[in-house]
Structure formats: C-alpha cells, structure tokens
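S.K.: Okay, handing you the structure first.
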Amino acid sequence: MEVIISNTYEELSKAAAAMVAKTLNAKPNAVLGLATGSTPLGLYKELIRMHKEEGLDFSHVTTFNLDEYVGLKPNHPQSYRYFMQENLFDHINIAPQNTHLPSATTDDHEMFCESYERMIDECGGIDLQVLGIGSDGHIGFNEPTSSLSSRTRIKTLTRQTIKDNSRFFEAGENVPTYAITMGVGTILEAKKVILLASGEGKASVIADAIEGPVTSMCTASVLQFHERAIYYLDTAAASKLKMRDYFEWIQANLPSGPA
Ligand code: F6R
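In my numbering, the protein residues as written are 744 to 1002.
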C-alpha cells in the first residue's frame, strides 16, 4: 500500500488525476471504475482541464461506476448518473455507450447485478478504480459487516450514510434507503485502486483503514490485501496516522525519485 500526503485538497486531486492520466496514456482503452460523492470532484475537474488543455483522450475509455441509488431516475439531480454527466462525462470526449452505472430502476436486481459483473469481465476487468471512503469506512456502499468477498448487489444503507448524504437532497426529500453497489470482492479485482480522502472528518476512519485490523467493520481496510492500492490524502485526512512520518519519508525517498 502506498500513502501519498498532499498539503491541500487541490494538490491531492491533481496527484490522483496524474495517476488516471498515466493509466490512460499507457492504455488508451483502459477501463476505469468511478466514484461519486464530494471527494472526487477535484479529480474530475482536473481531468476535464487535462482533456481541454492537454488533449487527454477518453474516446476509447470505458467506465463503470461503483454504485447508484435505487429508485432515482437518471435525470434526478441526486442520481449518480446525473452527477457523472454533470461533473465529468458531459465535459470530456467519452462515448456515452461506454459509461456504465448500476441501473436504479431495474425490476430484477439480481439479474441486473449479475449482468453488471459480467460486463466488467467482458471489458477485461477494471484497470484503475477510484474510491472515496464513507465516515463508517465504506467503499462503494459496502457498509460495515458487508462480506469482504461480496459482489455487485442491492444494499440497505446505514442510518449514518443516509444522514451524511441528506446534505445533497432538498429539505423534506427522502434519501433513498437502498443502493446497488459493486461488492468488496468486485473492487478488490481492480488492477489498481486509488482511494481519495480529504478533511479532518475522515482522519479517524483513514487511520482505521490503513493502520487498523482488516475487518468488515471498515470495508476500506480490505485494501491492505490489494497489491496496488494507493491512498491520496490531504494533511487533515492524514492527521491521525501513526505512521505518517514514515509515509512522508517513503515519498521523499522513492527509489525512482520523488513522485
Ligand atoms: C460514492 C461512493 C461512496 C463515497 C463515500 C464518500 O460513489 O461509493 O463510497 O465515496 O460515501 O463520500 P464523500 O466523498 O462525499 O465523503
């Protein structure tokens, strides 16, 4: 596991964007796994800038999003499809048919979830998975006690996640109780995983995920088993890491020179 600590949210977003660009430059038809939420917004903004100013090409890229609320139509402003169009897809040269999100409106969840996994496989698997982390340690919507081998499925969100996400909804509007999410096992199969976290509010859960035991009580902790997982943190999110000095020492003394 690699931990890269930046001074600011902007810096961490740029560092993560550089990793996405490196992946696309090495493999123009890469398959990206994408997340929503507030944390990757800076990353997406930087990718849009790189596309517009530096010609970063998405024309052969395929994407699979981690999750989607059950019941929200794609044109609902809080649906993750809407979020992705607004914050990334509408501003880059990605082919619409290459962008995939779990279906929020399917009647047959089980069949849909199996087909989502199959589609990922048929595209050759995810080359680079982008993750945020919930205040309870979730990745995707794999809430505490999710099986660490779980696959794409319908999940009941915790009260805390519903509360955390209510900030995005209009007053009086109900936050959905269910989501379809890639499983922890699905995420672990990505060839490379980057997890972004910013702000003091994430400091405890980041310390648990990186330095605590691997446990389904903090599903992000499973990344300790991943061969190529990189955490991009700002100093606030890194503030409770016991090994912070060591992580900074490693970055300053990379065998290949500073990152
Ligand atoms: C979103 C997702 C979630 C978020 C997490 C953090 O697609 O999978 O796991 O990454 O809830 O959300 P923010 O970034 O808003 O703190």
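Where a beta carbon is used, it is the ideal one built from N, C-alpha and C, also for glycine.
(1) On the CB-based measure, 16 or more other CB atoms within 10 Å of its CB, does PRO845 come out buried or exposed?
(2) If distances are taken between C-alpha atoms only, which option among SER889, SER941 and SER802 comes closest to ASN768?
(3) When the Cα atoms are used, what is the spatial distance from TYR990 to ASN808?
(4) Below 7 Å CB to CB, which residues in the same chain sit around LEU815 once its five sequence neighbours on both sides are set aside?
(5) Compare the Cα-Cα distances from CYS866 to each of VAL804, LYS757 and ASP951 and report the closest residue.
(6) Using only CA atoms, which one of SER964, ILE837 and GLY868 lies nearest to SER947?
(7) Could you tell me how far apart the beta carbons of ASN830 and TYR787 are, in whole angstroms, since I believe they sit closer than 8 Å?
(8) What first and last residue would you give for the beta strand (DSSP E) that runs through SER999?
(9) Counting C-beta neighbours from all protein chains within 10 Å, is the total for THR751 16 or more, i.e. buried, or is it exposed?
(10) Tell me the DSSP bridge mates of VAL774?
(11) How about THR766 and LEU891: do their beta carbons lie closer than 7 Å?
(12) Measure the C-alpha to C-alpha separation of GLY926 and ILE897 and round it to an integer number of angstroms.
(13) Hey, is SER781 close to the ligand F6R, as in C-beta under 6 Å from one of its heavy atoms?
(14) Need the endpoints of the alpha helix (DSSP H) that LEU815 sits in, please.
(15) Is it a yes or a no for the stretch 967-978 touching the stretch 902-909, going by three-plus beta-carbon pairs under 8 Å?
(16) Can you tell me where the alpha helix (DSSP H) holding ALA759 begins and where it ends?
(17) Based on DSSP bridge pairs, tell me the residues matched to TYR921.
(18) Does the distance between the C-beta of HIS881 and the nearest non-hydrogen atom of the ligand F6R fall short of 6 Å?
(19) Among residues of its own chain, excluding the 5 on either side of ILE791, which ones have a beta-carbon nearer than 8 Å to its beta-carbon?
(20) Please look up how many angstroms separate the CB atoms of THR782 and LEU939, rounded, as I've assumed it's under 8 Å.
(21) Taking a contact to mean a Cβ-Cβ separation below 7 Å, would you say HIS881 touches THR962 in this structure?
(22) Quick check: is any heavy atom of the ligand F6R less than 6 Å from the C-beta of GLY785?
M.R.: Per the coordinate set shown:
(1) It counts as buried.
(2) Taking only the C-alpha atoms, the option nearest ASN768 is SER802.
(3) Here residue 990 turns out to be Phe, not Tyr, going by the sequence shown. Roughly 29 Å between the two C-alpha positions.
(4) Same-chain partners within the cutoff: GLN821, SER822, ALA847 and PRO919.
(5) Of the candidates VAL804, LYS757 and ASP951, the one whose C-alpha sits nearest the C-alpha of CYS866 is VAL804.
(6) Closest by alpha carbon: SER964.
(7) Correct: roughly 5 Å between the Cβ atoms.
(8) Counted as a single uninterrupted DSSP element, the stretch harbouring SER999 is not any beta strand (DSSP E), since DSSP gives it neither H nor E.
(9) It is exposed - the Cβ of THR751 has fewer than 16 other Cβ atoms within 10 Å.
(10) Answer is THR805.
(11) In this structure, THR766 lies away from LEU891, with their beta-carbon atoms at least 7 Å apart.
(12) Cα-Cα distance, rounded: 10 Å.
(13) Yes.
(14) For LEU815, there is no enclosing alpha helix (DSSP H), as DSSP gives it neither H nor E.
(15) Result no; under three Cβ-Cβ pairs closer than 8 Å.
(16) Unbroken alpha helix (DSSP H) run through ALA759: 752-769.
(17) Answer by DSSP bridge pairing, in chain order: THR899.
(18) Indeed, a heavy atom of the ligand F6R lies less than 6 Å from the Cβ.
(19) Cβ neighbours of ILE791 beyond the five flanking positions: LEU831, HIS834 and ILE835.
(20) Yes, they are in contact, since the Cβ atoms of THR782 and LEU939 sit about 5 Å apart, within 8 Å.
(21) Result yes, Cβ atoms of HIS881 and THR962 sit closer than 7 Å.
(22) No.
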